[in-house]
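Participant: Residue numbers (my numbering): 1384 to 1717. Built from N, CA and C at the ideal position, the CB exists for glycine as well. Sharing a structure, written as structure tokens. Questions coming.
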Ligand SMILES: Nc1ncnc2c1ncn2[C@@H]1O[C@H](COP(=O)(O)OP(=O)(O)O)[C@@H](O)[C@H]1O
Ligand SMILES: [Mg+2]
């Protein structure tokens, strides 16, 4: 079991309130991602759940029991630290065994859990190596193995992939998702990378300045961002946000449309502009287009084969059904 309930949880450092009162329910078995810009309080929130920081107010329940005052070791949660937190002089086996040795788990049981974790993580052949003899991805798996053997009610990850190179990050992202599918244990994962959030989460919690902007499935947030902040944060490239006559025409202060919801037309269409920059990726082409009557360029995602170049006139058809409207407060108008 791994249900975590935050009720009116707050955190201040001195007289700076980093987390204003916050409510959140994390269900058993869920993969929940906290996402938001650097400094918005993601790590603080995770550390409050782990018990590495004391709350300034409110309660944290784990499986219905008040855990607010419990020390980290009593919370049945396992925090996965970055791979460089491994002991370099110990073998993989000893690194993985370490938390069990501390907890006084008996030798036979230690062996069973190490073998099980190694098999789940494809580390069986590496148990006698030291971290220095492993790749970055393997080291990260050892760090995860050390959490698995504790058989926690939930795993807590704080940006575990941020030190890996781009290709390895994609691979590890998939491995962690697969691990979740296999273990079915609650995972709470912190990242500033909205792509990680979109690809891994059952439920995304978007944070800004310690405040929850929106909670929902990746597609919920993509389709119906509650406000301008979420609209701009979720999705890559970012949603285009336009103000002025085109927005006013639709009864809004700001109009939003994603680059993938604008089609390039061969003939005169609703919008006309000039190509500023074209990025040909092969699979897609991204155009920065200066629309007539708008100060800021918009991004358009087109087919990889579209051959338009800077300075060319471009005709565009916005998908009317996928236009978002926002009011003066930045809230989405349904
Ligand atoms: N121990 C601390 N003492 C004082 N301020 C802190 C401490 N830890 C974090 N903060 C502040 O709390 C805010 C949130 O930090 P953090 O949770 O680390 O953000 P994130 O993980 O989203 O980047 C930041 O403004 C940070 O400076
Ligand atoms: Mg952080």
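1. Going by the DSSP bridge assignment, what does residue 1645 pair with across the sheet?
2. Let me confirm a value: residue 1541 is counted as buried when at least 16 other C-beta atoms fall within 10 Å, else exposed. Which label applies?
3. For ligand 1, which residues have a Cβ under 5 Å from at least one heavy atom, in chain order?
4. Under 8 Å between the Cβ atoms of residue 1432 and residue 1539?
5. Work out the CA separation of residue 1470 and residue 1490 for me, nearest whole Å.
6. To which residues of the same chain is residue 1581 closer than 6 Å at the C-beta, ignoring the five residues directly before and after it?
7. What residue range is occupied by the uninterrupted alpha helix (DSSP H) comprising residue 1572?
8. Kindly indicate the opening and closing residues of the alpha helix (DSSP H) around residue 1601.
9. How is residue 1559 classed by DSSP in three states: helix, strand or coil?
10. Return yes when the Cβ of residue 1427 is within less than 8 Å of the Cβ of residue 1394, no when it is not.
11. Does the Cβ-Cβ distance between residue 1536 and residue 1385 come in under 8 Å?
12. Ligand 2 heavy atoms versus the CB of residue 1542: any closer than 7 Å?
13. Starting from residue 1686, follow its DSSP beta bridges and name the residues at the other end.
14. Hey, residue 1509 and residue 1532: beta-carbon distance below 8 Å or not?
15. Which full runs of the alpha helix (DSSP H) of 4+ residues lie inside the stretch 1440 to 1503, going along the chain?
Facilitator: Concretely, from the data shown:
1. Assignment of beta-bridge partners to residue 1645 by DSSP yields 1701.
2. Under this definition residue 1541 is a buried residue.
3. Residues flagged by the Cβ proximity filter: 1396, 1401, 1421, 1422, 1423, 1424, 1425, 1426, 1427.
4. Taking 8 Å as the Cβ cut-off, residue 1432 and residue 1539 qualify as a contacting pair.
5. CA-CA distance, residue 1490 to residue 1470, rounds to 20 Å.
6. When the five nearest sequence neighbours on each side are left out, the beta carbons in the same chain lying within less than 6 Å of the beta carbon of residue 1581 are those of 1601, in order along the chain.
7. Here residue 1572 belongs to no alpha helix (DSSP H); instead the beta strand (DSSP E) covers 1569 to 1574.
8. Here the alpha helix (DSSP H) through residue 1601 covers 1601 to 1606.
9. In the structure shown, the three-state DSSP call for residue 1559 is helix.
10. For residue 1394 and residue 1427, yes; Cβs fall inside 8 Å.
11. Taking C-beta atoms as the reference points, residue 1536 and residue 1385 count as a pair closer than 8 Å.
12. Checking every heavy atom of ligand 2 against the Cβ of residue 1542, one is found closer than 7 Å.
13. 1667, per the DSSP bridge assignment.
14. No.
15. Segments of the alpha helix (DSSP H) lying fully in the stretch 1440 to 1503: 1475 to 1486, 1490 to 1503.
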